[in-house]
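See structure below.
Number of protein chains: 2
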Amino acid sequence: MEDFAPVRTQRTFELISDRIREQLRAGALRPGDKLPAERELARQFGTSRNAVREALRSLEHGGVIELQKGARGGAFITEGDPGAVSQSMQDLLHLGGLTLSNVAEARLAIEDAVVALVAARAAPADLDLLDANIDAAEALLREGDVEAKTELNMEFHNLLAECTGNPVLVLLMRTLMELLRSVNRPLTAEDTGDVIRRRRRFMGHLRARDAAAAQTEMRAHLDRVHDLFAAGQP
Amino acid sequence: MEDFAPVRTQRTFELISDRIREQLRAGALRPGDKLPAERELARQFGTSRNAVREALRSLEHGGVIELQKGARGGAFITEGDPGAVSQSMQDLLHLGGLTLSNVAEARLAIEDAVVALVAARAAPADLDLLDANIDAAEALLREGDVEAKTELNMEFHNLLAECTGNPVLVLLMRTLMELLRSVNRPLTAEDTGDVIRRRRRFMGHLRARDAAAAQTEMRAHLDRVHDLFAAGQP
DNA sequence: GCCAGCCTAATGGTTCTACCATTAAACCGT
DNA sequence: ACGGTTTAATGGTAGAACCATTAGGCTGGC
Chain A
872 MEDFAPVRTQ RTFELISDRI REQLRAGALR PGDKLPAERE LARQFGTSRN
922 AVREALRSLE HGGVIELQKG ARGGAFITEG DPGAVSQSMQ DLLHLGGLTL
972 SNVAEARLAI EDAVVALVAA RAAPADLDLL DANIDAAEAL LREGDVEAKT
1022 ELNMEFHNLL AECTGNPVLV LLMRTLMELL RSVNRPLTAE DTGDVIRRRR
1072 RFMGHLRARD AAAAQTEMRA HLDRVHDLFA AGQP
Chain B
872 MEDFAPVRTQ RTFELISDRI REQLRAGALR PGDKLPAERE LARQFGTSRN
922 AVREALRSLE HGGVIELQKG ARGGAFITEG DPGAVSQSMQ DLLHLGGLTL
972 SNVAEARLAI EDAVVALVAA RAAPADLDLL DANIDAAEAL LREGDVEAKT
1022 ELNMEFHNLL AECTGNPVLV LLMRTLMELL RSVNRPLTAE DTGDVIRRRR
1072 RFMGHLRARD AAAAQTEMRA HLDRVHDLFA AGQP
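Residue numbers (the numbering used here), protein chains in the order written: chain A, 872 to 1105; chain B, 872 to 1105.
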């Protein structure tokens, strides 16, 4: 006989955060909106302020809300925080579920798709932005500021993803690169001149709308970079 | 003059969760380990139990720990929960940062890469698993259980990703499919027979290690499915 | 001897109260 | 009109008390 189901399994703060997520899906809450104050929410839900706070903590960690203190403070619905996805994958990596080469392989897949899309649909203005990035990197290299130049080189990939106009691809690119960066050692400077040359060739392929050639060029570059990363690992 | 930096910007519970994440990165904490009890943590950190609970709530939401109540209960380090990543992306979607076609396009990219890898490196046993999935789906179709058959068809893609042996790709595939599923309408049954035929052809290409042909077959299928999804949207 | 039932201790879950720190806006004296 | 002060609202922290669940030990009757 199984006549009786458990009276209650969910925890109070989960009920609260679920209610708020509901209103999000329903469109009743939109980015920029402000939730009632903690004390007021506690009153409305008929719970303690503590339970409300734990629910808010959960939503905050998920990048759904931002909390501001002081008068006129409160919990505000955000535009959505890609960093939350990144954080989760970082945790997964550190918990040992993922390896560096797993991440590198996935990154290769994303980059491949991005390059194909950019070759097919990027506007000339977008390509100019990419050129500007390479110019800036070259200038920094001449000045000997390897650190800043490396930063710009990573930004190149993010720019590339943004040229697709697809925020999902941007998100995935940022996340995977962040993961790779979190375990890398600072790259040595010896090979930096080569990167600039490769980038120039790559842009030539893009402007010619030659997706296959651009992919080949990028692949060669990434294989090399990922090898360097792997060498830095034990 | 900027002689004085803010005395404290981070909140107490953030300091606590950061400390725990530190120990994770350092390897001092491993999956399966149990954290001290809340009261004990509060004592060690010299804070209130409340702050500890909010830190644990944050870690729990991130899939880093699981909480069990009762005697011998406590906070246990998990193996890593891919669901946390999914949840974050779901939130992002609902916050309006992403569109259905964005997700579909990214999914296409991942699937393309997965197919190429599977064609290149899948073991015969893996391919047999895929065949078994198709057989089961066909059987369900004959019985008229469209619901269960659709479920199996989605599982096919997850199996495919698992054949790559890369958990990152598995994670991305699961997440993106989950996202697509969360906004789809139940597909109509009229086209289901066609899917089985396509799958059989696809497997033929895989066994022949013909990545290009397999990709073409899968692309055609996904383009169609995504169109159906889009049609279900306003 | 054994076993069902009870009891106890440990732990997370919840509530309540009090107070602090920060912030913006209202207020007031000059 | 200006500038400083006060006030009120809000999130952040602390501490205590109690509840619900769970594991394990205890006990008494068979």
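From the three backbone atoms N, C-alpha and C, an ideal C-beta is built for every residue, glycine too.
The beta carbon of MET1089 (chain B) sits closer than 7 Å to those of GLU982, VAL986 and PHE1073, all from its chain and outside the five residues before and after it, given in chain order. Against chain B, the CB of ALA980 (chain A) has a partner CB under 7 Å away; the residue lies at that interface. Residue state for GLY917 (chain B) is assigned as coil, using DSSP reduced to three classes. For a Cβ distance threshold of 8 Å, nothing in chain A lies close to SER919 (chain B): the least Cβ distance comes to about 11 Å. In this structure, the CA atom of VAL956 (chain A) is about 32 Å from the CA atom of ARG1071 (chain A). As DSSP reads the structure, GLU925 (chain A) sits in no beta bridge. When the beta-carbon positions are compared, ASP904 (chain A) and ILE948 (chain A) come within less than 7 Å of each other. In chain order, ILE981 place their CB closer than 6 Å to the CB of LEU1043 (chain B), counting only its own chain and leaving out the 5 sequence neighbours on each side. The C-alpha of ALA922 (chain A) is placed about 9 Å away from the C-alpha of ARG882 (chain A). Beyond the five residues adjoining it in sequence on each side, GLN894 (chain A) comes within less than 8 Å, by CB distance, of LEU900 in the same chain, given in chain order. Going by C-alpha positions, GLY941 (chain A) is about 14 Å away from THR880 (chain B). Here GLY933 (chain B) is not bridged, per DSSP, to any residue. Chain order gives the chain B residues near LEU895 (chain A) as ASP962, HIS965 and LEU966, where near means a beta carbon separation below 9 Å.
No residue range can be given for ALA899 (chain A), since it is assigned to no alpha helix (DSSP H) and is classified by DSSP as neither H nor E. DSSP places ALA946 (chain A) outside any alpha helix (DSSP H); the residue lies instead in the beta strand (DSSP E), whose first and last residues are 945-948. As computed with DSSP, LYS905 (chain A) is found in a beta bridge with A:PHE947. Under DSSP, no beta-bridge partner is assigned to GLN1086 (chain A). Counting C-beta pairs with one atom in each stretch, the segment 1027-1037 of chain B and the segment 987-1002 of chain B have three or more that are closer than 8 Å, which means they touch.
From the beta-carbon of PRO907 (chain B), no residue of chain A is found nearer than 9 Å; the closest lies around 19 Å away.
The Cβ atoms of ALA975 (chain A) and HIS1097 (chain A) lie closer than 7 Å to each other. LEU969 (chain A) sits in coil when the DSSP states are folded into three classes, being neither helix nor strand.
Around GLY954 (chain B), the same chain offers GLY934 as residues with beta carbons nearer than 7 Å, after the five sequence neighbours per side are excluded. The C-beta distance from LEU1050 (chain A) to LEU979 (chain A) rounds to 13 Å, too long to meet the 8 Å contact threshold. The residues PHE884, ILE887 and SER888, in chain order, have a CB closer than 6 Å to that of ALA926 (chain A) in the same chain once the five nearest residues on each side in sequence are set aside. With the criterion set as a beta carbon lying under 7 Å from some beta carbon of chain A, the members of the segment 1028-1051 of chain B are ASN1037, PRO1038, VAL1039, LEU1040 and LEU1043, in sequence order. Between VAL1039 (chain B) and ASN973 (chain A) a beta carbon distance of about 5 Å is seen, short of the 8 Å cut, so the two are scored as contacting. Relative to the Cα of GLY944 (chain A), the nearest Cα in the group A:LEU906, A:GLY968 and A:ARG920 belongs to A:LEU906. Using a Cβ-Cβ cut-off of 9 Å, GLY951 (chain B) is close to ASP962, LEU963, LEU964, HIS965, LEU966, GLY967, GLY968 and LEU969 of chain A, given in chain order. Close to GLN958 (chain B), with beta-carbon spacing below 7 Å, are these residues of chain A in chain order: GLY933. Contact annotation for ARG1095 (chain A) against chain B: no contact, minimum CB-CB distance about 19 Å [criterion: below 9 Å]. Within chain B, no C-beta atom comes less than 7 Å from the C-beta of ARG943 (chain A); the nearest is roughly 19 Å away. Rounded to whole angstroms, the separation of the alpha carbons of VAL1041 (chain A) and LEU1099 (chain B) is 25 Å.
Within 8 Å of the CB of GLU1088 (chain B), no CB atom of chain A is found; the nearest one sits about 18 Å away. One alpha carbon belongs to VAL1066 (chain B), the other to ARG1045 (chain B), and they sit about 20 Å apart. Going by beta carbons, SER929 (chain B) and HIS932 (chain A) fall inside the 7 Å limit. Spanning the alpha carbons of ARG1013 (chain A) and MET1025 (chain A) requires a straight line of approximately 18 Å.
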